[in-house]
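**Q**
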């Protein structure tokens with residue numbers, strides 16, 4: 004046992020409540036220590052994890068649970084559980100360590116998966132969510148030392164956009180190549196419990212942790228009053244399920260692909276996986292065919308099945324190499340394809356998949372129908388939030404057409420249901436609807452020659468960070484206090500962008516309650532001079548992300564300026580990375 008103030012010796016602690024006798028270091032520090040032990044002992048399991056489960060750990064687990072999530076079969080909400088939080092957590096901790104804890108069955112609901120299928124979601128009780136989060140926090144540092152770089156789903160500091168960027172790099176490396184697009188049939192519902200626990204014991208051999216996981220796996224689900232218990236599957240919707248599913252595919256797929264598949268290939272290959280959704284990229288057709296033939300046998304060995312109709316081999320070779328138009332494939336909600344460039348060549352592009360577009364518009368239609376009788380201002384606010392969420396994920400380079408189409412269809416759907424709620428003959432006609440959009444309920448700005456810009460209407464506060472930008476950028480570029488401040492903020496975006504990042508920023512003046520109006524002539528002249536000085540290195544071949552009217556005197560590919568005759572000047576400034584003619588990164592709009 005370590006003394007007060009000294010570093011705790013976790014490996015030597017024994018006893019049911021031994022963790023409560025050591026200093027209360029932060030959860031993050033303990034996780035780092037667990038990770039360091041896992042790195043030193045890669046071939047042996049950790050046996051003393053439950054000692055970290057104490058009140059500090061449980062409070063941290065409680066804080067990481069969403070408080071507005073659906074309730075389980077007991078109907079207890081987060082607010083009710085928090086009324087006597089310390090006593091509830093202490094009782095839960097004591098039952099978990101003593102073995103008296105009993106997992107409640109989950110409440111199963113079905114949500115639409117596509118036009119024909121539904122996905123079962125199992126919702127645990129709030130008490131089970133807290134304990135599952137506590138155990139997941141124990142497993143996470145161990146798994147993060149083991150997981151491979153090809154895995155992006157359900158991992159801290161990793162996102163679908165990082166997986167998409169990695170896929171783009173892999174496709175460029177093999178010049179398109181051959182893509183094996185794989186669909187695992189009902190993955191979460193078919194994971195065998197026995198094999199999952201066997202793989203888990205390779206890295207975790209703590210009796211308390213393994214006992215808790217076993218109880219959650221066999222707890223069953225209550226579906227319309229019927230208790231369903233199975234020896235397969237990890238319940239989707241459970242807090243512990245994502246990390247368990249990742250552990251299983253890490254052993255079944257990732258390690259096998261790296262250690263057995265790649266050494267036997269004649270060429271190069273890459274695997275990109277997000278949870279159970281993955282693609283494999285090959286530069287040779289024979290390698291791709293061999294992998295596609297052996298993959299079902301590998302998965303069958305571990306109780307999994309490949310969907311034969313949805314798994315396919317895609318000829319994605321560069322059009323110049325193949326001599327014909329390549330096929331397309333979908334991954335993480337985007338359709339990947341070779342698109343024409345303005346110079347007549349081809350470039351890797353992405354657009355919203357038709358399936359995701361239809362599903363999103365269907366949900367929007369149902370929402371507008373359900374809420375059509377509520378105040379227009381409330382509907383407008385919620386629709387803006389929904390559109391902003393859609394833009395945050397699908398607002399990437401080369402996807403502007405799909406984004407604009409989604410917004411246009413959303414406006415049609417909204418007007419349709421606003422019109423249906425009125426019995427007047429004219430109802431919500433297009434003229435009246437457009438007057439609302441151009442007045443108090445503007446969903447986005449109109450820019451002549453470029454359709455509808457993805458700008459959501461909100462009031463700006465002078466000196467406040469821009470909520471439309473990610474946190475690290477919003478703190479730097481704040482709403483200006485004056486015309487001079489506005490100019491400095493916009494030019495500062497160009498100066499601090501450098502050559503390593505892509506920041507697409509839009510500043511619009513003339514909007515009451517937002518950015519203050521300024522003298523456009525002097526403003527543009529100041530920007531012109533600053534850009535000349537700071538972006539003189541931009542080569543003549545570099546281009547802006549989208550077309551527009553170039554400021555006279557700027558180098559080609561510098562910043563572009565648009566004029567909005569109705570609401571003032573709109574300035575679009577782009578910083579580029581090192582690769583010419585390929586602006587990349589997600590779209591962030593200065594408002």
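In the numbering used here, the protein residues as written are 4 to 594.
The C-beta atom is built at its ideal place from N, Cα and C for all residues, glycine as well.
(1) Just checking, does the region 108 to 115 make contact with the region 223 to 240 on the three C-beta pairs under 8 Å criterion?
(2) What are the residues that DSSP puts in a beta bridge with residue 350?
(3) Is residue 54 buried or exposed, if buried means 16 or more other CB atoms sit within 10 Å of its CB?
(4) Could you tell me how far apart the beta carbons of residue 280 and residue 364 are, in whole angstroms, since I believe they sit closer than 8 Å?
(5) Quick one: grab the DSSP three-state call for residue 77.
(6) Do the region 78 to 96 and the region 151 to 167 make contact, defined as three or more Cβ pairs closer than 8 Å?
(7) Within this structure, are the beta carbons of residue 123 and residue 219 separated by less than 9 Å?
(8) May I ask you to verify whether the region 54 to 66 touches the region 30 to 42, counting CB pairs closer than 8 Å and requiring at least 3?
(9) If I measure Cβ to Cβ from residue 329 and keep anything under 7 Å in the same chain, skipping five residues before and after, which residues do I get?
(10) Between residue 64 and residue 137, how many whole angstroms is the CB-CB distance? I'm expecting something under 8 Å.
(11) Could you tell me the boundaries of the beta strand (DSSP E) in which residue 224 lies?
(12) What do you reckon, are the CB atoms on residue 278 and residue 254 nearer than 9 Å?
(13) Is residue 279 helix, strand or coil when you go by DSSP?
(14) Taking the alpha carbon of residue 129 as the point to measure from, which residue in 144, 61, 103 has its own alpha carbon closest?
(15) With three or more C-beta pairs closer than 8 Å as the rule, is the region 179 to 196 touching the region 412 to 427?
(16) Under DSSP, the beta strand (DSSP E) around residue 184 begins and ends at which residues?
(17) Starting from residue 337, follow its DSSP beta bridges and name the residues at the other end.
(18) Our contact map puts residue 266 next to residue 235 with C-beta atoms below 8 Å; I'd like the distance itself, whole angstroms only.
(19) Which residues in the same chain as residue 349 place their Cβ atom closer than 8 Å to its Cβ, once the five residues preceding and following it in sequence are excluded?
(20) Does the beta-carbon distance from residue 173 to residue 273 come in below 9 Å?
(21) Start and end of the alpha helix (DSSP H) containing residue 31?
(22) Exposed or buried, what is residue 269 when buried is set at 16 or more other beta-carbons lying within 10 Å of its beta-carbon?
(23) DSSP three-state call for residue 315: helix, strand or coil?
(24) Given 8 Å as the limit, is there contact between the region 196 to 209 and the region 140 to 154, that is, 3 or more CB pairs closer than that?
(25) Report the option in 359, 347, 379 whose CA atom is closest to the CA atom of residue 337.
(26) How many angstroms separate the CA atom of residue 520 from the CA atom of residue 288?
(27) What number of angstroms, rounded off, separates the C-alpha of residue 115 from the C-alpha of residue 378?
**A** According to the structure data:
(1) Using a Cβ-Cβ distance cut-off of 8 Å, the region 108 to 115 and the region 223 to 240 are in contact, since at least three pairs of beta carbons, one from each stretch, lie closer than that value.
(2) For residue 350, which the question treats as bridged, DSSP gives the partners 342.
(3) buried
(4) In this structure residue 280 is not in contact with residue 364, their Cβ atoms being roughly 22 Å apart against a cut-off of 8 Å.
(5) coil
(6) No, the region 78 to 96 does not touch the region 151 to 167.
(7) no
(8) yes
(9) For residue 329, where only same-chain residues beyond five positions count, the Cβ hits under 7 Å are 179, 318, 319, 320, 322, 341.
(10) 4 Å
(11) 224 to 226
(12) No, the Cβ-Cβ distance between residue 278 and residue 254 is not below 9 Å.
(13) coil
(14) 61
(15) Note that the region 412 to 427 does not touch the region 179 to 196; fewer than 3 beta-carbon pairs, one per stretch, sit closer than 8 Å.
(16) 181 to 185
(17) For residue 337, DSSP records a beta bridge to 334, 355.
(18) About 32 Å separates the two Cβ atoms, so there is no contact after all.
(19) 321, 322, 323, 341, 342, 343
(20) yes
(21) 30 to 43
(22) exposed
(23) strand
(24) With a cut-off of 8 Å, the region 140 to 154 and the region 196 to 209 count as touching, because enough Cβ pairs lie within range.
(25) 359
(26) Note that residue 520 scores a pLDDT of 30, beneath 50, so its modelled location is shaky; the value from the coordinates is reported in the next line. Between residue 520 and residue 288, the C-alpha separation is close to 60 Å.
(27) 28 Å
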